[in-house]
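Chemist: Residue numbers in the sequence shown follow my numbering, run continuously in steps of one, and reach 110 at the last position.
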Amino acid sequence: MFVTPAYAQAAAAPSGAASLASFLPLILIFVIMYFLMIRPQQKRAKEHRAMVEAVKKGDEVITQGGLIGKVTAVRENELEVEIAPGVKTRVVRSSITGVVNRTAPAAANS
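#1: Take Ile68 and list the residues in its own chain whose beta-carbon comes closer than 6 Å to its own, dropping the five residues that flank it on each side.
#2: Give a yes or no on contact between the stretch 69-88 and the stretch 52-59, applying the rule of three or more CB pairs nearer than 8 Å.
#3: Assign Val52 to one of three DSSP states: helix, strand, or coil.
#4: Between which two residues does the beta strand (DSSP E) harbouring Gly98 extend?
#5: Exposed or buried, which one is Ile96 when buried takes at least 16 other CB atoms within 10 Å?
#6: Using a threshold of 8 Å, state whether the C-beta atoms of Val92 and Val81 are closer than that.
#7: Rounding to the nearest angstrom, what Cα-Cα distance links Thr103 and Leu36 in this structure?
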């Protein structure tokens, strides 16, 4: 029932190298998460931003709601999209998820 002196002694404080070694797995986990999750998400966001900024009149787009339509007017933060003959809606630029058909530049046909 008595505690032996070896167990009763306080543990020695970890040295500088030992404390760094204990944080190494946490640092390694963060680096792995950065390359597997954070970096690809940032890349996708950058590509989406570039795609949305490049939308112009005549492009066929898909919205987050699943509507497919042709861009008839481009404003600073919104687009006017024709989803059926004579049916036009205003859509916020950031809600565009994809461009189905891009209009070809007029000079490309030469």
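Idealized CB from N, CA, C, for every residue including glycine.
Modeler: Let's see:
#1: Counted from its first residue, the sequence shown places residue 68 at position 68. Answer for Ile68: Ile62, listed in chain order.
#2: yes
#3: For the purposes of this step, residue 52 is taken as residue 52 along the sequence shown, with counting starting at 1. Val52: helix per DSSP, three-state reduction.
#4: Within the sequence shown, numbered from 1, the residue matching residue 98 stands at position 98. Note, Gly98: beta strand (DSSP E), Ile96 to Asn101.
#5: One-based indexing of the sequence shown puts residue 96 at position 96. Under this definition Ile96 is a buried residue.
#6: For the purposes of this step, residue 92 is identified with residue 92 of the sequence shown, where counting begins at 1. For the purposes of this step, residue 81 is identified with residue 81 of the sequence shown, where counting begins at 1. Against a cut-off of 8 Å, the Cβ pair of Val81 and Val92 comes out as no contact.
#7: Within the sequence shown, residue 103 is the residue found at index 103, counting from 1. Within the sequence shown, residue 36 is the residue found at index 36, counting from 1. In a straight line, the C-alpha of Thr103 is about 35 Å away from that of Leu36.
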